[in-house]
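There are 2 protein chains.
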Amino acid sequence: MLFRALFEEWAENGYTRISLENVATRAGAGKAAIYRRWPSKLEFACDAIQNVEVMWSGFIQQETFKDDIRAYLRATITVLRHPLARRVIADMVAERLRSSELSPLLDRIVSVRRQFGYRMLDCAIARNELCADLDRELALDFLIGPLYMSMINRGNSTTLADLEKHVAVVEAGIKACCIDR
Amino acid sequence: MLFRALFEEWAENGYTRISLENVATRAGAGKAAIYRRWPSKLEFACDAIQNVEVMWSGFIQQETFKDDIRAYLRATITVLRHPLARRVIADMVAERLRSSELSPLLDRIVSVRRQFGYRMLDCAIARNELCADLDRELALDFLIGPLYMSMINRGNSTTLADLEKHVAVVEAGIKACCIDR
DNA sequence: AATGGTCGAGACGCTACCGTTCCATTCATA
DNA sequence: TATGAATGGAACGGTAGCGTCTCGACCATT
Numbered sequence: 011m012l013f014r015a016l017f018e019e020w021a022e023n024g025y026t027r028i029s030l031e032n033v034a035t036r037a038g039a040g041k042a043a044i045y046r047r048w049p050s051k052l053e054f055a056c057d058a059i060q061n062v063e064v065m066w067s068g069f070i071q072q073e074t075f076k077d078d079i080r081a082y083l084r085a086t087i088t089v090l091r092h093p094l095a096r097r098v099i100a101d102m103v104a105e106r107l108r109s110s111e112l113s114p115l116l117d118r119i120v121s122v123r124r125q126f127g128y129r130m131l132d133c134a135i136a137r138n139e140l141c142a143d144l145d146r147e148l149a150l151d152f153l154i155g156p157l158y159m160s161m162i163n164r165g166n167s168t169t170l171a172d173l174e175k176h177v178a179v180v181e182a183g184i185k186a187c188c189i190d191r
Numbered sequence: 011m012l013f014r015a016l017f018e019e020w021a022e023n024g025y026t027r028i029s030l031e032n033v034a035t036r037a038g039a040g041k042a043a044i045y046r047r048w049p050s051k052l053e054f055a056c057d058a059i060q061n062v063e064v065m066w067s068g069f070i071q072q073e074t075f076k077d078d079i080r081a082y083l084r085a086t087i088t089v090l091r092h093p094l095a096r097r098v099i100a101d102m103v104a105e106r107l108r109s110s111e112l113s114p115l116l117d118r119i120v121s122v123r124r125q126f127g128y129r130m131l132d133c134a135i136a137r138n139e140l141c142a143d144l145d146r147e148l149a150l151d152f153l154i155g156p157l158y159m160s161m162i163n164r165g166n167s168t169t170l171a172d173l174e175k176h177v178a179v180v181e182a183g184i185k186a187c188c189i190d191r
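Which chain is which? The protein sequence lines are A and B, in order.
Take any residue in the first sequence, count from 1 to its spot, add 10: that is its number in our numbering.
Take any residue in the second sequence, count from 1 to its spot, add 10: that is its number in our numbering.
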């Protein structure tokens, strides 16, 4: 499959160093098979991302805010443990800082994830677990920032055993997004 | 200056795409000026990093834990706002996930930063602002994770005005690293 | 069996960078 | 001022990927 081969090359070399020649070879295809379908590497990559994006949907509301946090972080751990996904994500983050080519792609991914986050916060507010004047942006940065820092920046392979500790601290932090303001 | 040119190329293209030819040209130097001094791009990069690393030292203990957090985050914001540093850091993070070439380099940088963090936590424990059985690793991920997420992953240019909000939440989160365990 | 489209494979000219080598100029020191 | 080391700059052959194009093999439909 061409998409699979693309992601493997992406994870291995980073977006800018992807050689469509290698992608085709890895997929057991001819270069023309790619150029026939997509006008550029960017369009190719957009379609590939869109193809896997659907797998991330499905946020199910839990009983308590803490349960929601746990579910959210567990899903995040699953993604960030994926050997291809974690590399591609980190590469897109780095890539966006130096060029705007992949910005819309990453923006959409982030935005989708954030929608789940907003819904989670709204539920918690409705349950009176959070106050309504919460700084949502700040809260979402606290939701996954520490986990991302641990797994991506420091390369830890966080397990579900570490999850519970994160959940407790995240909950305390986010609840503090209301106080003092 | 060769180092300056290296970092500019690094920020612009990422480590693997650095062309020493361009670095030399950008510095107004000949390619041989680089190859004469360093046997490889890696050694060149190591020296360059080591050269700027000294500027990050100097942790001064404050009155309270909250003051320490504020000082730490302010210093972090300064680095992460730097147009070259932020790109180089994000690139190293991505690069380490796909190759171990830059690992020792990034490990040392992270480790230095973390030493300040540990000292900070120790001070807070000594002051009885934190309990002694604190999970230090977790605490440090919470210290800068959300800020990193905001500035690097989402591209925000956090200002000192946003600092105070982060400080309050980080403090609450880290203090929660003791409770429930 | 004949036909039309898609496929893989590879050749094409082109550009970029590699790491080395050479040379004429510059610069600092004696 | 004379001398020797270091420098900027350019050329070298080699590798790699670009995007286009051609071709024979294969497969499905008729």
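From the three backbone atoms N, C-alpha and C, an ideal C-beta is built for every residue, glycine too.
Nearest neighbour of residue i, chosen from the options [CA to CA]
i	options	result
I70(B)	I44(B), G38(B), G127(B), R97(B)	G127(B)
E63(B)	V120(B), A15(B), F152(B)	V120(B)
C56(B)	K41(B), W20(B), A134(B)	W20(B)
N138(A)	H176(A), R97(A), E73(A), A81(A)	E73(A)
T86(A)	L153(A), A39(A), I59(A)	L153(A)
N61(B)	I135(B), R14(B), C133(B), L140(B)	R14(B)
E147(B)	V179(A), A134(A), I79(A)	V179(A)
L140(B)	K185(B), A58(B), T26(B), H92(B)	K185(B)
I59(B)	R118(B), R46(B), T88(B), S110(B)	R118(B)
Test item: CB-CB of residue i and residue j under 8 angstroms
i	j	result
G24(A)	G24(B)	yes
L131(A)	A149(A)	yes
T193(A)	M161(A)	This structure cannot speak to residue 193(A), because chain A is shown only from 11 to 191.
G183(B)	G183(A)	yes
C187(A)	L144(A)	yes
N163(B)	V103(A)	yes
E181(A)	F75(A)	yes
E22(B)	R108(A)	yes
V177(A)	L90(A)	no
D77(A)	A134(A)	no
D151(B)	M159(A)	yes
Beta-carbon proximity list for residue i, same chain, < 7 angstroms, skipping 5 on both sides
i	result
M11(A)	A37
K51(B)	I28, L30
A100(A)	I162
A136(A)	none
A95(B)	V89
Same chain only: Cβ atoms within 8 angstroms of residue i, ignoring 5 sequence neighbours per side
i	result
I44(A)	L12, L30, V33, A34, F54
R106(B)	L112, S113, L116
R191(A)	Here the model assigns R191(A) a pLDDT of 45, short of 50, so the residue's position is not dependable, and the following value carries that caveat. Taken in chain order, the residues that qualify are D143, D145.
K41(A)	L30, E31, A34
CB contact below 8 angstroms: residue i versus chain A
i	result
D77(B)	no
A58(B)	no
I119(B)	no
I154(B)	yes
C141(B)	no
K51(B)	no
G183(B)	yes
S110(B)	no
S10(B)	Residue 10(B) is absent from the structure shown; chain B starts at 11 and stops at 191.
D132(B)	no
S160(B)	yes
Residue-level contact to chain B via CB, residue i, 8 angstroms cutoff
i	result
D190(A)	Residue placement at D190(A) is flagged as unreliable, the pLDDT there being 46, under the threshold of 50; the coordinate-derived value follows with that caveat. Yes, contact with chain B.
R80(A)	no
V89(A)	no
M11(A)	no
Cβ-based neighbour list, residue i, same chain, cut-off 6 angstroms, excluding 5 preceding and 5 following
i	result
R129(B)	none
A81(B)	Q72
Only counting runs of 4 or more residues, tell me where the alpha helix (DSSP H) segments fall wholly within the segment 128-174 of chain B, in order along the chain.
146-158
Note down, one range per segment and in chain order, each alpha helix (DSSP H) of at least 4 residues found wholly within the segment 92-122 of chain B.
93-108
Which runs of the alpha helix (DSSP H), 4 residues or longer, sit entirely within the segment 35-93 of chain A?
41-47, 51-63, 75-91
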